[in-house]
Amino acid sequence: MAAILRRPIVLFGPSGSGKSTLIKKLFAEFPNDFGFSVSHTTRSPREGEVDGVAYNFVKREEFLRMIENQEFIEHAQFSGNHYGSSIKAVEVVQKTGRTCILDIEIEGVKQVKKSNLNARFVFVSPPSIEILKQRLVGRNTETDDSLKKRLDAAIGEMEYGNSPGSHDIKIVNDDIDNAYKTLKEFIFES
Ligand code: ADP
Ligand code: 5GP
Numbered sequence: 001m002a003a004i005l006r007r008p009i010v011l012f013g014p015s016g017s018g019k020s021t022l023i024k025k026l027f028a029e030f031p032n033d034f035g036f037s038v039s040h041t042t043r044s045p046r047e048g049e050v051d052g053v054a055y056n057f058v059k060r061e062e063f064l065r066m067i068e069n070q071e072f073i074e075h076a077q078f079s080g081n082h083y084g085s086s087i088k089a090v091e092v093v094q095k096t097g098r099t100c101i102l103d104i105e106i107e108g109v110k111q112v113k114k115s116n117l118n119a120r121f122v123f124v125s126p127p128s129i130e131i132l133k134q135r136l137v138g139r140n141t142e143t144d145d146s147l148k149k150r151l152d153a154a155i156g157e158m159e160y161g162n163s164p165g166s167h168d169i170k171i172v173n174d175d176i177d178n179a180y181k182t183l184k185e186f187i188f189e190s
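Residue numbers for the sequence shown follow UniProt numbering, beginning at 1 and rising by one.
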C-alpha cells in the first residue's frame with residue numbers, strides 16, 4: 001500500500017453535508033481497500049441502520065463505562081447524544097491492512113489531532129446552510145427538535161471547517177459526483 005494510504009482519513013462537516021453518502025460511494029467502489037471505524041453512540045438507530053455496522057448502539061451507562069475505562073481515542077456529545085471512536089474500532093480496521101475512515105464531529109476532530117493517529121482531514125461543506133437544511137429535511141431522519149440542534153451545531157462546524165489548519169482539503173458538496181471525484185483525487189493522489 002502507498003504510504004499515504006496507511007494514514008486514516010477523517011471526514012467531518014455539518015450533519016447533512018454528505019459525509020455518509022461520500023463514504024458509501026467509496027466503499028461501494030473499493031470494497032477491499034477501506035474500512036470504517038464503527039463508532040459507539042447513545043442515539044437510537046435510524047431505519048436501516050444495523051448495530052455493529054453503522055454504529056455500535058449502546059446505552060448511556062455503557063458509554064460512560066467505556067469513557068471511564070479509557071477505551072476511546074476521542075468522544076464528544078452531539079445533539080444530546082454521546083458519540084466516540086474506540087481504540088479497538090480503529091485497530092480492527094488497521095489489522096486488515098485497509099485504510100481507516102472515520103466520520104466524526106469537530107470536538108472529536110480536535111482530539112484526533114492531539115492523538116497519534118496521524119490522520120488526514122477532509123472538511124465536507126454544504127453549498128449553503130439553506131441547502132443543508134433542505135437536505136436534512138429531505139433525509140427524513142430528524143424531528144423538529146433534532147433538526148434545530150443539528151442546524152445550530154452546523155454554524156460552529158462551518159466556522160471551524162473554514163478556519164485555517166482545520167483540514168487538509170475542503171470539499172463543497174454541491175454536485176455529488178464532483179464531490180466524490182475530488183475526494184478520490186485527494187485520497188489517492190495527494
Ligand atoms: P451526513 O452523513 O453528512 O449527515 P448524508 O450523507 O446523510 O449527510 O446526506 C444528507 C442528505 O443529503 C441525504 O439524504 C443524501 O442523500 C443527500 N445528499 C448528499 N449529497 C447530496 C448532493 N450533492 N446533492 C443532493 N443531495 C445530497
Ligand atoms: P449522526 O447522528 O447524524 O449519525 O451523527 C451526528 C454527528 O456525530 C455527525 O457529525 C458525525 O460525524 C458525528 N459522529 C459520528 N460518530 C462519531 C464519533 O465516534 N465521534 C465523534 N466525535 N463524532 C461522531
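Where a beta carbon is used, it is the ideal one built from N, C-alpha and C, also for glycine.
Sheet register partners of residue i (DSSP bridge)
| i | result |
| --- | --- |
| residue 194 | This structure leaves residue 194 out entirely; the chain is present only between 1 and 190. |
| Asn-69 | Answer is none; Asn-69 lacks a bridge partner. |
| Ala-76 | Tyr-83 |
| Asp-51 | Tyr-55 |
| Ser-125 | Val-172 |
Rounded Cβ spacing between residue i and residue j (contact assumed at less than 8 Å)
| i | j | result |
| --- | --- | --- |
| Lys-170 | Asp-103 | With 8 Å as the limit, Lys-170 and Asp-103 do not qualify as a contact, their Cβ atoms being about 16 Å apart. |
| Leu-11 | Ile-129 | The Cβ separation is near 19 Å, so there is no contact. |
| Tyr-83 | Ser-39 | 6 Å |
| Glu-142 | Arg-150 | 7 Å |
| Leu-117 | Pro-126 | Contact flag wrong, Cβ pair sits at about 26 Å. |
| Asn-173 | Val-124 | 6 Å |
| Asn-81 | Thr-41 | 6 Å |
Distance CB(residue i)-CB(residue j) smaller than 9 Å
| i | j | result |
| --- | --- | --- |
| Asp-168 | Arg-120 | yes |
| Ala-154 | Gly-35 | no |
| Lys-161 | Gly-13 | Reading off the sequence shown, one finds Gly at residue 161, where the question assumed Lys. Cβ distance < 9 Å, so Gly-161 and Gly-13 count as in contact. |
| Glu-107 | Phe-78 | yes |
| Glu-105 | Glu-157 | yes |
| Glu-112 | Ser-86 | The identity of residue 112 in the sequence shown is Val, whereas the question assumes Glu. Contact: no. |
| Ala-179 | Leu-26 | no |
| Thr-96 | Ile-187 | no |
| Val-90 | Ser-37 | yes |
| Gln-94 | Pro-8 | yes |
| residue 194 | Arg-65 | For residue 194 there is no data in the structure shown, the boundaries of the chain being 1 and 190. |
| Phe-57 | Pro-45 | yes |
| Leu-71 | Lys-59 | Note that residue 71 is Glu in the sequence shown, not Leu. No, the pair does not count as a contact, with Cβ atoms beyond the cut-off. |
Coarse secondary structure for residue i, derived from DSSP in three states
| i | result |
| --- | --- |
| Thr-143 | coil |
| Phe-63 | helix |
| Thr-41 | strand |
| residue 244 | With the chain running from 1 to 190 in the structure shown, residue 244 is simply not present. |
| Phe-27 | helix |
| Gly-35 | strand |
| Arg-135 | helix |
| Arg-46 | coil |
| Asn-178 | helix |
| Thr-21 | helix |
| Gly-161 | helix |
| Ala-2 | coil |
**Q.** Residues passing the C-beta test against the ligand COA heavy atoms, cut-off 5 Å
**A.** In the structure on display, the ligand COA does not appear, and the ligands it does have are the ligand ADP and the ligand 5GP.
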